[in-house]
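Reviewing the structure listed below.
There are 4 protein chains.
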Amino acid sequence: MTRAATLTQKDAQPAAASRRVAVLGSTGYAGQEFLRLARGHAKLQITALGVRDEDVQPPRGAGTASACSLRDLGVLVDAGACDTLVSCLPHGIWKDIARRHPALALTPQIVDLSSDHRDGAEGYVYGLPEAFRSQIARAQRVANPGCYATAASLALLPAAESGWISGPVSVSALSGVSGAGRALQARTSFVEADGGAWAYRAGTEHAHVAEVERTLTTVTHCAPTVGFVPQVVPMTRGILLTAFVPLRQPLAPELARERYQARYADEPYVRLLAPGEWPETRATRQSNRCDLSVTTLHGGGTLLVVAALDNLVKGAAGQAIQNLNLMNGWPEATGLPLESTPW
Amino acid sequence: MTRAATLTQKDAQPAAASRRVAVLGSTGYAGQEFLRLARGHAKLQITALGVRDEDVQPPRGAGTASACSLRDLGVLVDAGACDTLVSCLPHGIWKDIARRHPALALTPQIVDLSSDHRDGAEGYVYGLPEAFRSQIARAQRVANPGCYATAASLALLPAAESGWISGPVSVSALSGVSGAGRALQARTSFVEADGGAWAYRAGTEHAHVAEVERTLTTVTHCAPTVGFVPQVVPMTRGILLTAFVPLRQPLAPELARERYQARYADEPYVRLLAPGEWPETRATRQSNRCDLSVTTLHGGGTLLVVAALDNLVKGAAGQAIQNLNLMNGWPEATGLPLESTPW
Amino acid sequence: MTRAATLTQKDAQPAAASRRVAVLGSTGYAGQEFLRLARGHAKLQITALGVRDEDVQPPRGAGTASACSLRDLGVLVDAGACDTLVSCLPHGIWKDIARRHPALALTPQIVDLSSDHRDGAEGYVYGLPEAFRSQIARAQRVANPGCYATAASLALLPAAESGWISGPVSVSALSGVSGAGRALQARTSFVEADGGAWAYRAGTEHAHVAEVERTLTTVTHCAPTVGFVPQVVPMTRGILLTAFVPLRQPLAPELARERYQARYADEPYVRLLAPGEWPETRATRQSNRCDLSVTTLHGGGTLLVVAALDNLVKGAAGQAIQNLNLMNGWPEATGLPLESTPW
Amino acid sequence: MTRAATLTQKDAQPAAASRRVAVLGSTGYAGQEFLRLARGHAKLQITALGVRDEDVQPPRGAGTASACSLRDLGVLVDAGACDTLVSCLPHGIWKDIARRHPALALTPQIVDLSSDHRDGAEGYVYGLPEAFRSQIARAQRVANPGCYATAASLALLPAAESGWISGPVSVSALSGVSGAGRALQARTSFVEADGGAWAYRAGTEHAHVAEVERTLTTVTHCAPTVGFVPQVVPMTRGILLTAFVPLRQPLAPELARERYQARYADEPYVRLLAPGEWPETRATRQSNRCDLSVTTLHGGGTLLVVAALDNLVKGAAGQAIQNLNLMNGWPEATGLPLESTPW
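Sequence lines, in order, name chains A, B, C and D. Per our numbering, the first sequence runs over residues 1 to 343. Per our numbering, the second sequence runs over residues 344 to 686. Per our numbering, the third sequence runs over residues 687 to 1029. Per our numbering, the fourth sequence runs over residues 1030 to 1372.
Right under this line is the structure:
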């Protein structure tokens, strides 16, 4: 495991007692999932659900937390009644809110689930524990990775770190419909989504692609280009991703598997399946785990990695909890399910 | 278009008046779909549904045709009351039946939907009209292609014929659950299939792979190896396939698209989507059409082709009808829907 | 069969050669289904798709028909280039358009799929052929029944006509999601509709209830009140309806079944299932047929009727075609599928 | 609340420290759900998963518990290493096993999820806490109610206890596919279950019906007959049930609602929805709660109750946990989720 992915004595934080959390964007799928997981987390207390003036509908699932205007939320932060902010807002919104509500921007700990700070802007650390655990443990600002990028990065990291990759990587990935967000679209209505699968914006220009390439470059100083074909299939949750990686030298499948096994041996939320087994999203449903299978094709010239995870858990809200656990010196598994609920 | 894919004066058959068809394996998904399509076909008359002694349940959807033991079916063929046989049986069964019922093996026209004769055994012609139209038009024995192989072959043919392919091809494909056949399995029960996607037997050893490689070799005398990752997603019908093809020379996306457009310009059941559009299975539902999108990735070094079709129509029963139309000199579109029913 | 449901010599219309049809509201689910069925109808030619100025999106599935403003459509009607109008618009819209575009209101034949004229307003005949066949055959204006009301009326008609009903009728009905229409709602998004069922607006105040009560009153001069519990389940098409009917006198199940059998013996699109068989929506999918099962409960004191149909076919577009066939003196089954496509 | 449903000082058990549980039938849907819930229950330790000799497949989800033959399980019970037995076996099996393995039959505490002892045979108490809480608290043998019967009983109990019911009750209920159990059937395969709904064995002869009638008779000494129409819809979990109840005297909807509200005011797992709100299964998904709505129809002459619950939780494994909590003097909510996971 790379140094960055392992906590050393120096990184270990004195454990915070507990955190009073304000959630922005709690009505979206990721926001709802965060509230659900936070309810089972002994150290997180949801204090307020921030609501933009233009959001007319009250947030669901508030429990004892009450909806709160952004102005009032700033007052809470100012008074120390709220010390952590988790933004589940769509891309571009939190950045704008932070500008208009400086008190909010001063919240001691912030995790942003949008793509706004994933390039490290404004000092945000990229929140993929398997690559940047020690940095996250020292950070007060974390940008939570995207769901596609989490799956792709976990699929490619060991190969990239080993210097195996000889050329452009090709990725085909399918996602459940919740990956498209909760804004109403004809495309994601039941009648038009059920019973069919579709590809969209295939190519190399995706934000997802840049996010993966950036992570691999940071970790390995090599930058494979990535081609990406996202597809939506009629299920609520889950990502199933296939990566084809051209190798510098032919590799036996057992060796490829051993390298991956060693790399993730201490990772609580990455599991390498046995040879001959292939991932299914169902085995990761409502779990924070990512399942991986590895082999080689074409006489060992191509590495094949297949990955499955729950886009709302390891791909969003669960990873945010994992990051909060690291930032606060709590055991990394606090409040985080490993078991899936397959049906 | 290659010569083989175009009918010349010499190939054109004198049109048969009509055909009296026996169907074997009519209770499976492909068999049921064949009966459905045959009911709307003016020239096909379903005469008998052949039943193996061990198949206790009577076939559904028989309409006016009556179930018939294999022995009695042989008598019908002998008497000329039945001149065409369509086998929708699982792999390995028809071959065995033909051995034990020689009268059946003498049926004037035979289309076998299983994989048994796709390697050309016993003089069967491989029934992919886009590659072998003139041979099919002269054949009395046709091996109907598999659903995955149909999608992959249509995605790769123009590239292979153009001599563009420089190395191993990587294919990721997702299929609806009917692709797994009608035999009962826990994996394809509603509770265990709904809400999840899974990969299986990824690699290069699939029968599908050999089928595609054989077709490309026959047509182009070059033999790219193909790596294949099949996945099942919770929908009834449809295949969505992504092929990544390494190119000998960098290619502009427009040129790639133009070549595909030209190759399939006269094909009634292949449609190239506009640039920026990507296939959806829903647009091919209950249609015999295959939709394709083409572009290049990685600075033009990789060709990306995405294909969608209905595995029970263009991937099975519809293609069988298309082959029967060619074998009998009927207009190729007889009884074959082009329009889809998206929901 | 009642007189009204049977065509006599007097009702029979001289068959029209063919009809040039304008469709309003062709982008909704019922509109799309009407276009799909009309393409397979030898006598219907879709001439224009009327578009309101505020409808920015072009209609899908137009085929050779072109989108056309309402003003231009009026010109077409005026010029005799269009002689039939089918409105698949939501409730309340066509009525308003007719007022603002008098030329359209003068179209020789009009079928309105909305609820606007189901009470007989402006001389519209209620288009349930099983109850009002002869009136429909003489009509130029037909109000197409709602999907729930079609199922409920077919379930209750024989009992009502027989004078069996002694008190209020209780109906529980489940519908596929397309029954909610194509307007975007959170409730009918894939993520929020898949995997769950819900009841809504249960009671006696539904427009559906009034529609059924009106039909029964017209036909039988008795007016049972109807309590109605609509439910939505995660499937695209289909209605499955259960009616509990208190009986004046205890009735043996065989007698109940015989009466229903006799009543619908000549109806091409109503099928009574064998004793012990119960309806499934799948057996009516894409078919214009309604399946019924009948028995008695509670010592014969309660009649139980279960009905299944496809809400987009017999519950909407198919019934509209059936009505057009009657209005034009064509065979009633022209262009109307009896066979279902179960998957 | 009736006395039987409230714990008095006399009923309260001294709380057991914890229980070592053997599970039979752990591979079925109810068994898997029981294991999932038990993992989150502080007082239940799964000690062994009993396996019949003829069950070749090892149980899934065993966690640290190991599969164990019935003979070895008897030894464990004999040695006191296992003091609680939960049977999730299909109907008829546990009864037979108990006869052949007397040691197992002597396990101190037994909960049977099958229908075998729901009639009180062999001293089993019927485990519906809302009706028989004090009896359950003193019992060592509990027969867990069926899912349909739980929903129907909770829907009818207050009306029956109030002496309101004047005649036969009519119930229409829809269930997710897991209600049909895990044995393989064509009917519950994905391709044949998705996209359609079906009714089956409608009438009064169901085991469900007898179970509900027995409960109402025991509690109220009146015995309404119940007509029942079960239906399956394409979702994994959930029951949505509609009951029409003829009333002795017309009743205002508010009064009906108040009576239900009062009856269930102290019940932790029954919730009465606000007027105008109707149950959705999704709001009870993975929760032990049953949601109810109540109103009157037909001028107050008919009571309408709609109920929703998760058939695998309140309808099976969750209710078993609730019963174990009562039998052991633990807080009734131990390890039992109230919150649902709607998607």
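Note that beta-carbon positions come from the ideal geometry of N, C-alpha and C, so glycine has one too. Since we're looking at a predicted model, the values are computed, not measured.
Is it buried or exposed for residue i, if we count other Cβ within 10 angstroms and need 16 for buried?
i	result
C:H984	buried
B:A605	exposed
C:A696	Checking the displayed sequence, the identity of residue 696 of chain C turns out to be Lys instead of Ala. Its Cβ having fewer than 16 others within 10 Å, C:K696 is exposed.
D:D1125	exposed
B:L367	buried
B:H384	buried
D:L1338	buried
A:T8	exposed
D:L1102	buried
D:H1250	exposed
According to DSSP, simplified to helix, strand and coil, what is residue i?
i	result
C:G736	strand
C:R975	coil
D:A1373	Residue numbering for chain D in the displayed model covers 1030 to 1372; residue 1373 of chain D lies beyond these limits and cannot be assessed.
B:A676	coil
B:R430	In the sequence under discussion, the amino acid at residue 430 of chain B is Ser, which differs from the Arg named in the question. It is a strand residue.
D:C1111	coil
C:S704	coil
A:Q185	coil
A:S345	Because chain A here runs from 1 to 343, residue 345 of chain A falls outside it and cannot be looked at.
B:L380	helix
C:V742	With a pLDDT of 47 at C:V742, under the threshold of 50, the predicted position of this residue should be treated as unreliable, and no value is reported.
B:D455	strand
C:Q643	Any answer about residue 643 of chain C is impossible in this case: the structure gives chain C only from 687 up to 1029.
A:T107	coil
C:L762	helix
At the level of alpha carbons, what is the spacing between residue i and residue j?
i	j	result
C:V991	A:Q32	42 Å
D:A1091	B:S412	Residue confidence is low: D:A1091 scores 44 on pLDDT, short of 50, so the model does not pin down where it sits. No coordinate-derived value is stated.
D:V1104	D:R1170	20 Å
B:A365	B:G371	15 Å
D:A1303	A:P108	41 Å
A:V177	A:L312	11 Å
A:T84	A:I110	6 Å
A:L49	B:V514	45 Å
B:L517	C:R786	51 Å
B:V575	A:W278	12 Å
A:R71	D:D1295	39 Å
A:L37	A:A159	32 Å
D:R1373	B:Q528	Given a span of 1030 to 1372 for chain D in the structure shown, any question on residue 1373 of chain D remains unanswerable.
D:Y1177	C:G987	24 Å
A:A223	A:E161	11 Å
At 3 residues or longer, what runs of the beta strand (DSSP E) sit wholly inside the region 188 to 264 of chain A? 226 to 232, 239 to 246
Using a Cβ-Cβ cut-off of less than 8 Å, give me the residues of the region 914 to 930 of chain C that come near chain D, in sequence order. V915, Q917, V919, P920, M921, T922, R923, G924, L926, T928, F930
Taking any Cβ of chain E, which residues in the region 358 to 384 of chain B have a Cβ under 7 Å from it, in chain order? Protein chains in the displayed structure are A, B, C and D, and chain E is not among them.
Note down, in chain order, all residues in the region 872 to 904 of chain C with a beta-carbon under 7 Å from any beta-carbon belonging to chain A. Correct list: A872, T874, S875, F876, V877, A879, D880, G881.
Relative to chain B, which residues along the region 962 to 976 of chain C have a C-beta separation below 9 Å, given in chain order? Q972
Select from the region 835 to 859 of chain C all residues with a C-beta closer than 7 Å to any C-beta belonging to chain D, and list them in chain order. Correct list: P854, S856, S858.
Continuous beta strand (DSSP E) assignments of at least 3 residues falling wholly in the region 805 to 859 of chain C: Counting whole runs of 3 or more residues, the region 805 to 859 of chain C contains the beta strand (DSSP E) stretches 827 to 829.
Which residues, taken in chain order from the region 1128 to 1148 of chain D, show a beta carbon closer than 7 Å to some beta carbon of chain C? none
At a CB distance below 8 Å, what residues from the region 308 to 340 of chain A approach chain D? Give them in sequence order. E339
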